[in-house]
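Visitor: Dropping a structure here in structure tokens format, bear with me for questions.
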Amino acid sequence: MMLIPRRNYGLNLFDEFFNDPFFSGSTEKGNDSKKLPIMRTDIMEKDGNYLMEIELPGFKKEDIKAELKDGYLTITAESSSSAENKDERGTVIHKERYTSSCKRSFFVGEQIRQEDIKAGFENGILKLQVPKDSPKVEDTPKYIDIL
Numbered sequence: 004m005m006l007i008p009r010r011n012y013g014l015n016l017f018d019e020f021f022n023d024p025f026f027s028g029s030t031e032k033g034n035d036s037k038k039l040p041i042m043r044t045d046i047m048e049k050d051g052n053y054l055m056e057i058e059l060p061g062f063k064k065e066d067i068k069a070e071l072k073d074g075y076l077t078i079t080a081e082s083s084s085s086a087e088n089k090d091e092r093g094t095v096i097h098k099e100r101y102t103s104s105c106k107r108s109f110f111v112g113e114q115i116r117q118e119d120i121k122a123g124f125e126n127g128i129l130k131l132q133v134p135k136d137s138p139k140v141e142d143t144p145k146y147i148d149i150l
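Counting from 4, one number per residue, gives the positions in the sequence shown under the working numbering.
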């Protein structure tokens, strides 16, 4: 029996196409800072609170916003950078811009108030403490003055 060499010319066209830097979000191999951002989140329960740790690598504290509206806690992170290479005459030979944003919402309950949530950001991790139980509303009677 004789083996015939197999030639797959053109069959890996799609593999080459999707390996293009356009689809990976990076122009350099091994450059992790330009990959698509994902808000990996860990949620733990401790002492009547939910503790949330959200990974936001590459973002600064100023790039992050936390909004509470209609019972939803929405975390938004936006960042941009620009790099320019010039030759000795000042002619631009390469210019590159990068923008990154991500957004994620969590339902925390309509009774939670902004002042009940504590937040901190350190080493690329956003830490949030959200009360598990909604604050108790006092049932004290409220009287209306009769004029």
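Backbone N, C-alpha and C fix where the C-beta goes; we use that ideal spot for every residue, glycine too. On a predicted model such as this, the values are computed, not experimentally measured, just so you know.
For G61 versus S103, is the C-beta distance shorter than 8 Å?
Guide: yes
Visitor: Report the rounded CA-to-CA distance for K63 versus R92, giving the unit in angstroms.
Guide: 34 Å
Visitor: Helix, strand or coil for D73, going by three-state DSSP, please let me know.
Guide: coil
Visitor: Helix, strand or coil for D119? Go by DSSP, reduced to three states.
Guide: helix
Visitor: What are the boundary residues of the beta strand (DSSP E) that includes P134?
Guide: 128 to 134
Visitor: Near I128, which residues of its chain fall below 8 Å by C-beta distance, leaving aside the five closest residues on each side in sequence?
Guide: So the list reads E56, I57, E58, L59, once near-sequence residues are dropped.
Visitor: In the DSSP output, which residue or residues are listed as bridge partners for E58?
Guide: I128
Visitor: What does the alpha-carbon distance come out to for the pair V133 and F109?
Guide: 11 Å
Visitor: Look at the Cβ atom of R107, then the Cβ atom of S85, and state whether they are nearer than 8 Å.
Guide: No; because the gap between Cβ atoms is not below 8 Å, this pair is not in contact.
Visitor: Within a Cβ cutoff of 6 Å, which residues of the same chain sit near S82, ignoring the five residues on either side of it in sequence?
Guide: F62, D66, S103
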